[in-house]
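A.B. asks: Supplied in structure tokens, the structure appears directly below.
2 protein chains.
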Amino acid sequence: MRLRDVTRSNCCGSPRERNQSLDPPTSLSLFGVSDDVLYSYDLKDLNKLMYSLNLSNDQKWILKSRRRTLKNRDYAANQRHRQWEKKGGLEFEKDQEYDELELLQEENDKMLNELILLNKKYQALMRFATERNLSLPPGTEADLLSLEKQRTVEHM
Amino acid sequence: MRLRDVTRSNCCGSPRERNQSLDPPTSLSLFGVSDDVLYSYDLKDLNKLMYSLNLSNDQKWILKSRRRTLKNRDYAANQRHRQWEKKGGLEFEKDQEYDELELLQEENDKMLNELILLNKKYQALMRFATERNLSLPPGTEADLLSLEKQRTVEHM
DNA sequence: GTGATCAGTCAGCAT
DNA sequence: ATGCTGACTGATCAC
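Sequence lines, in order, name chains A and B. Quick note: the first sequence, position 128, residue 128 per UniProt numbering, numbers continuous. Quick note: the second sequence, position 41, residue 41 per UniProt numbering, numbers continuous.
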């Protein structure tokens, strides 16, 4: 038989009065076993308890169902909480990455400016030297600056 | 009176056979009004229809509830879909920003290397010039390189 | 059996 | 009345 929440079997009769503060479903005590016990007891202990209470199989089955429902309630709550957390986490990381991105972009711009400036000065020196036909030290060839030149052309 | 899904009133009796493909709840026809009509008809038209069918107030009330339930079913589906989309969107944006970040970092490293190289060459020229007591053109002072120096010290 | 997840249902709020 | 959302439930899957 299928059970649609035994504890709320308000069918074929007047609806069970729900708590005014609806959301936390009323805690019950079925056949002398409270929800709290039902939820928290170890399965073995619960079985012992039910045995000691001389419950019928149907009653036991109902309690088991109720136990399952209580657990499910918590699972659902946990899941909702995790989803909420995850969402927040994602948004947080996104913001963080955005900040990082801005910082890096700033640094990038600064470096580009320095590069441009330095290149200018370097070019000035080179021009100065070549105009006077000065022999230059090794490693100071002008054609090593292709990359910078490209960028400076773009940005100036 | 509260109604816990009239259309599933399988209480006090054997459970209603559910479709094998359980999820889409069986479409019903109550008092000669199909779910489809119930869901899609304009309220005015629905009222007309119910009037023309000579339904009792209770029957009307049941149909109204069923209509509400059908709508709610869709609302929930929509909401879940939107949440799913939103989640995907967030993750997508995060990945995108991550890629951007990597690209920028790469560019950053490249520029730093260029700066270091250029600075080296520049310093070589300056040394060369000062060693020979050459007069330099304006704008080529060595002390303008503080920033680069700091970095190059860190990185070399 | 237990935990997680999905779709459906309802209460309650907002429009 | 309608749309939306949080909480709860049962079904179902994975372990």
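For each residue, glycine too, the CB sits at the ideal point set by N, CA and C.
(1) Taking Cβ positions only, does asparagine 108 of chain A come closer than 8 Å to chain B?
(2) Under the three-state reduction of DSSP, which class applies to serine 21 of chain A: helix, strand or coil?
(3) DSSP on residue 209 of chain B, reduced to helix/strand/coil?
(4) Using a Cβ-Cβ cut-off of less than 9 Å, list which residues of the region 83–103 of chain A approach chain B; keep chain order.
(5) Less than 8 Å between the beta carbons of leucine 104 of chain A and asparagine 133 of chain B, yes or no?
(6) Quick check: the Cα distance between asparagine 78 of chain B and asparagine 54 of chain A, rounded to an integer number of angstroms?
(7) Could you have a look at leucine 53 of chain A and say whether DSSP puts it in helix, strand or coil?
(8) What number of angstroms, rounded off, separates the C-alpha of glutamate 85 of chain A from the C-alpha of lysine 94 of chain A?
(9) When DSSP labels each residue in this structure, what does serine 27 of chain A get in the three-state scheme?
(10) Can you give me the C-alpha to C-alpha distance between leucine 28 of chain B and threonine 69 of chain B, rounded to a whole angstrom?
(11) Counting only runs of 4+ residues fully inside the region 54–112 of chain A, write out the alpha helix (DSSP H) ranges in chain order.
(12) Closest Cβ-Cβ distance between tyrosine 75 of chain A and chain B: below 8 Å?
(13) Measure the beta-carbon distance from tyrosine 41 of chain A to leucine 30 of chain A and round it to whole angstroms, keeping in mind my assumption that it falls under 8 Å.
(14) Flag leucine 22 of chain A as yes if its beta-carbon sits less than 8 Å from any beta-carbon of chain B, otherwise no.
(15) Let's test the definition: count the other Cβ atoms within 10 Å of the Cβ of glutamate 114 of chain A and tell me whether it reaches 16, buried, or not, exposed.
(16) Do leucine 112 of chain A and methionine 111 of chain B have their CB atoms nearer than 8 Å?
(17) In terms of residue numbering, what span does the alpha helix (DSSP H) encompassing aspartate 35 of chain B cover?
(18) Rounding to the nearest angstrom, what Cα-Cα distance links arginine 98 of chain B and aspartate 99 of chain A in this structure?
(19) Taking buried to mean at least 16 other C-beta atoms within 10 Å of its own C-beta, is leucine 63 of chain B buried or exposed?
(20) Assuming arginine 73 of chain A and leucine 38 of chain A form a contact by the criterion Cβ under 8 Å, report the distance between their Cβ atoms to the nearest whole angstrom.
(21) Is it true that the CB of leucine 90 of chain A sits closer than 8 Å to the CB of leucine 101 of chain B?
(22) Could one say the Cβ of asparagine 72 of chain B lies closer than 8 Å to chain A's Cβ atoms, at least one of them?
(23) Quick one: what does DSSP say asparagine 119 of chain B is sitting in, helix, strand or coil?
C.D. replies: Taking the structure as given:
(1) At a cut-off of 8 Å, the C-beta of asparagine 108 of chain A has a neighbouring C-beta in chain B.
(2) Note that serine 21 of chain A has pLDDT 36, beneath the 50 cutoff, so the model's placement of it is unreliable and the number below is only indicative. Note: serine 21 of chain A maps to coil in three-state DSSP.
(3) The structure shown does not extend to residue 209 of chain B, since chain B spans only 1 to 156, so no value can be given for it.
(4) Of all residues in the region 83–103 of chain A, Gln83, Lys86, Lys87, Leu90, Glu91, Glu93, Lys94, Glu97, Tyr98, Glu100 and Leu101 have a Cβ within less than 9 Å of some Cβ in chain B.
(5) No, these two residues do not count as a Cβ contact at 8 Å.
(6) Computed Cα separation, rounded: 49 Å.
(7) Coil at leucine 53 of chain A, not helix or strand.
(8) Cα to Cα, the separation comes out at about 14 Å.
(9) Three-state result, serine 27 of chain A: coil.
(10) Their Cα atoms are separated by approximately 12 Å.
(11) Runs found: none.
(12) Chain B has no Cβ within less than 8 Å of the Cβ of tyrosine 75 of chain A.
(13) Not really, about 14 Å apart at Cβ, beyond 8 Å.
(14) Bear in mind that the predicted position of leucine 22 of chain A carries a pLDDT of just 44, short of 50, making it too unreliable to give a figure here.
(15) Buried, by the Cβ-count rule.
(16) Methionine 111 of chain B sits close to leucine 112 of chain A, with the two beta carbons spaced by under 8 Å.
(17) Per DSSP, aspartate 35 of chain B belongs to the alpha helix (DSSP H) from 35–40.
(18) The identity of residue 98 of chain B in the sequence shown is tyrosine, whereas the question assumes arginine. Near 12 Å, if we compare the C-alpha coordinates of aspartate 99 of chain A and tyrosine 98 of chain B.
(19) With 16 or more Cβ atoms within 10 Å of its Cβ, leucine 63 of chain B is classed as buried.
(20) With 8 Å as the limit, arginine 73 of chain A and leucine 38 of chain A do not qualify as a contact, their Cβ atoms being about 12 Å apart.
(21) It is not a contact, given that the beta carbons lie outside the stated cut-off.
(22) Not closer than 8 Å to any Cβ of chain A, the Cβ of asparagine 72 of chain B fails to qualify, so no.
(23) In the structure shown, asparagine 119 of chain B sits in a helix (DSSP, three-state: H, G or I).
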